[in-house]
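Worksheet: one structure, shown below.
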Amino acid sequence: MTDAVRPRPRVHFTPQAGWINDPLALTWHNGRYHLFFQFVPGQTEWAPQCRWGHATSADLLTWTEHPVAIEPGDGDDGIWSGSIAIDDAGRPTLFYTSVTLPDLAIGRIRTATPTDDTWMTWEKGPVAADAPALEESGLDVVAFRDPFLTREVGANGDARWRMLVGTALRGGDAAASAFSSTDLVTWSFDGLAASRNAAETDPVWTGSLWECPQVFSIDGRDVLLTSVWQNDELHSVAYGVGEFADGRFRAESWGRLSYGPSYYAPSFFRDADGRACVIYWMRGVLDADAGRASALSVPHVLSRQGDVLVAEPHPAVAGLGLGWNTAEDGELHVAGPTPVRVQRRGGLLVITHDGSETTVPIGSDLVRVLVDAETLELFTDQGVFALGAAHPFGPVTLSA
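Written out as structure tokens, the structure reads:
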């Protein structure tokens, strides 16, 4: 089967071939967006020997794939997830999780820097941080990965880099380990930025490991975004709203952002206009004949309604898809080998697909719907839902 017979998604990034997962370090640089991503070439299943793929775009819709940015080797069996920091002089540093077989759970945080301003080739640097040792910290760490970098300016004007790393502790605590630095080279462990036990379910459950923890500000409040992991299963995306100061995140509320089997591992970024955005890994997308698996979502713009984090399609895709008024237009149906039925039942959107039913909270009447080959994304004012498939979805229709 060729792409002429089986079109690729038009506005969702997919690799030419191979497996992809987490999007990483999406950055506007010299008039283009640079996107990195977890990549396993030559197969359609995940393997621990990931590397960082690389693609660029002028508009967040049409992507050009480039050679791999960071490969395994030089002490790394796998190049796992991370993020980017750009210093005051505009110099970028990638921070990634270095893993070695057989103990993949506890990684080391390493760096890479570009050889020139094109960002096409990168050189590995030293280890920036290791998991805190039990003897020194009192923390029994059983998983450690996914660094995220942010800049914090104190009340006295002093600037300091903060690094959060996803952490699991024996006993079921999911956490974000906190490190600080003034120069992006020498790092100090500052304890836990935040933690929550897997037994806590009110108002939402956040698992026993926070993968890809990220902290950022929206409209004067700080948000901690986490991907919920437990027992080698990937679940949803949760968030806390509160205050981040001195390397500590104090949650005042918790919520859930994503629903359904596809969205995971969102990557936070600021677009060229400074908007707070995320882009997700979309699981379930597969074209076995083309030898490619998974896709990335369209970019989402984030805002707050009180303590509720709201995601909407980025203006780059505003003219695509459709707006469904659930108060006027009845049910929504998406055709295909495994059709999708979407209904409004009071304060819930109910999605039925392949024998399973998923509910998403909804407050307003409007739902944004985007179907693109093997991808389906739904946006309400209280959550987002996605499906990825091994076949293209068909036309969208509304029925009374």
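Under the numbering used here, the first residue of the sequence shown is numbered 223, with each subsequent residue one higher. The beta carbon of each residue, even a glycine, is placed where N, CA and C say it ideally should be.
Task: Nearest-angstrom Cβ-Cβ length linking Q436 and F370, presumed shorter than 8 Å - done: Locating residue 436 in the sequence shown gives position 214, counting from the first residue. Locating residue 370 in the sequence shown gives position 148, counting from the first residue. At roughly 5 Å, the Cβ-Cβ gap stays under 8 Å, so Q436 and F370 are in contact.
- [ ] Would you identify the three-state DSSP class for S430, choosing helix, strand or coil?
- [x] Here residue 430 refers to the residue found at position 208 when the sequence shown is read from its first residue. Looking at S430 - three-state DSSP - the assignment turns out to be coil, as it is neither helix nor strand.
Open item on the list: With three or more beta-carbon pairs closer than 8 Å as the criterion, would you say the region 488–501 touches the region 418–427?
Closed with: no
Open item on the list: Under DSSP, the alpha helix (DSSP H) around S586 begins and ends at which residues?
Closed with: Translated into positions along the sequence shown, residue 586 becomes position 364. Element bounds for S586: n/a, residue is neither H nor E.
Task: Identity of the residues DSSP links to F411 by a beta bridge - done: For the purposes of this step, residue 411 is taken as the residue at position 189 of the sequence shown. According to DSSP, which records beta bridges pairwise, F411 is partnered with F401.
TODO: Quick one: using the 10 Å Cβ neighbour count with 16 as the cut-off for buried, is A269 buried or exposed?
DONE: As a working mapping, residue 269 is identified with position 47 in the sequence shown. Under this definition A269 is an exposed residue.
Open item on the list: Given a cut-off of 8 Å on the beta-carbon distance, is the pair W383 and R392 in contact?
Closed with: Against the sequence shown, residue 383 aligns to sequence position 161. Against the sequence shown, residue 392 aligns to sequence position 170. No.
Task: Spatial neighbours of Y485 in its chain, beta-carbon cut-off 6 Å, leaving aside the 5 residues before and after - done: Position 263 of the sequence shown, counting from 1, holds the residue named residue 485. Counting only Cβ-Cβ distances below 6 Å, and skipping sequence neighbours, we find Y502 and A608.
Open item on the list: Distance check for G605 and G482, CA to CA, integer angstroms please.
Closed with: For this step, residue 482 is matched to residue 260 along the sequence shown. For this step, residue 605 is matched to residue 383 along the sequence shown. Between G482 and G605, the C-alpha separation is close to 10 Å.
Open item on the list: Residues in the same chain with beta-carbon distance under 8 Å from P314, minus the five sequence neighbours each way, listed in chain order, please.
Closed with: Along the sequence shown, one-based indexing puts residue 314 at 92. Cβ neighbours of P314 beyond the five flanking positions: T249, H251, I306, A307, I308, T335, P336 and W341.
Open item on the list: With H, G and I counted as helix, E and B as strand and the rest as coil, what does DSSP make of A538?
Closed with: Reading the sequence shown from its first residue, position 316 is the one you call residue 538. The answer is helix: DSSP assigns A538 an H, G or I state.
Task: Where E358 sits in the DSSP three-state scheme - done: Counted from its first residue, the sequence shown places residue 358 at position 136. The answer is helix: DSSP assigns E358 an H, G or I state.
- [ ] Express the C-alpha separation of S410 and V290 in angstroms, rounding to a whole number.
- [x] Numbered from its first residue, the sequence shown carries residue 290 at position 68. Numbered from its first residue, the sequence shown carries residue 410 at position 188. For V290 and S410, the distance between alpha carbons rounds to 31 Å.
Task: Residues that DSSP places opposite H256 in a beta bridge - done: One-based indexing of the sequence shown puts residue 256 at position 34. Paired residue(s): T249 and T278.
Task: Beta-carbon proximity of A460 to R230, cut-off 8 Å - done: Looking up residue 460 in the sequence shown gives position 238. Looking up residue 230 in the sequence shown gives position 8. Going by C-beta atoms, A460 is not nearer than 8 Å to R230.
Task: G275 burial status per 10 Å Cβ neighbour count (16 or more: buried) - done: The sequence position of residue 275 within the sequence shown is 53, counting from 1. Per the 10 Å Cβ criterion, buried.
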